[in-house]
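Working notes, beginning with the structure itself.
Numbering (mature numbering (1 follows the signal peptide of the UniProt record, and there is no 0)), first residue to last: -24 to -1, 1 to 175.
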C-alpha cells in the first residue's frame, strides 16, 4: 500500500503539467474531498483510512492502511488525472498521466523525488537519492497522521475545480487488479476558499 499511497502523492505532481490559465498572483488551495478503493481487497485494506475535517478550513488524510502482500515487479502502476469542469462528478480524462511502470521502477524514479511532500506525516520508508533498487515494497501497516496536501508545488495558474486522480494497479498482462481514487477541489484566493467551505 505504500506504493499505493506514494502513487497518490506523486500523482499530485501530474497537475503541474496541466493546461494553465492566468493570474499567478492568486493563492492556491488544494482541498482533499474523498478517497475510494475499487477492487484489490486482497492487496490493500484501506478501511481505516479516511478524509476528515481538521479545522474550519482544512481536511486531512488520517488513519492507516495494511498492505497485505509484498509488491514487486509482478505489479505495475499508472496514474490518470481527470477534471470536472462543472464540479458535478462528470469527469473528462486528461492526456497527462504518469507512465505505466513496475512498482520497483516507480520507487526509484518518482517516489524518491517527491517523498519530501509526505515525509513528516507517515511511516512510509525513506529512499535515498541514487538508490538503484528498492524492491519489493514490503507488506505491513502504514499510518498517516493529519496529512494535508501541499499545493505549493503546483503552478498558481492551474484551473480551479474538482479533480480526480486514479491510480491503476495492473499485472503485466494488462489485468487491472485495483484502482485507488482521490478527489480534490482546487480553489484560487481566500474568498473562493471561504465560499467553498460554506457550501
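Beta carbons are placed, not taken as given, at the ideal position from N, Cα and C, and that holds for glycine.
If you're wondering where the values come from, they're calculated on a predicted model, not measured in any experiment.
Query	Result
Please say whether residue 5 and residue 163 have beta carbons closer to each other than 9 Å?	yes
Would you call residue 36 buried or exposed, if buried means 16 or more other Cβ atoms sit within 10 Å of its Cβ?	buried
Going by CA-CA distance only, name the one from 69, 48, 86 that's closest to residue 115.	48
Should residue 32 be listed as close to the ligand MN, given that the test is whether its C-beta is under 8 Å from any heavy atom?	The model depicted lacks the ligand MN and carries no ligand whatsoever.
Answer with buried or exposed for residue 147, where buried requires no fewer than 16 other C-beta atoms within 10 angstroms of its C-beta.	exposed
Could you tell me whether the Cβ atoms of residue 154 and residue 113 are closer together than 9 Å?	no
Name the two residues that bound the continuous beta strand (DSSP E) containing residue 58.	52 to 60
Let me confirm a value: residue 52 is counted as buried when at least 16 other C-beta atoms fall within 10 Å, else exposed. Which label applies?	buried
Hey, quick one: how far does the alpha helix (DSSP H) through residue 82 stretch, first residue to last?	79 to 82
Is the region 24 to 36 close to the region 56 to 70, with three or more CB pairs under 8 Å?	no
What is the C-beta distance between residue 74 and residue 54, in whole angstroms, given that I count them as a contact (C-beta under 8 Å)?	6 Å
Label residue 128 either buried or exposed according to how many other C-beta atoms from any shown protein chain fall within 10 Å of its C-beta, with 16 as the threshold for buried.	exposed
Taking only runs of the alpha helix (DSSP H) that begin and end inside the region 74 to 150, which ones reach a length of at least 4 residues, in chain order?	79 to 82
By DSSP, does residue 16 sit in helix, in strand, or in coil?	coil
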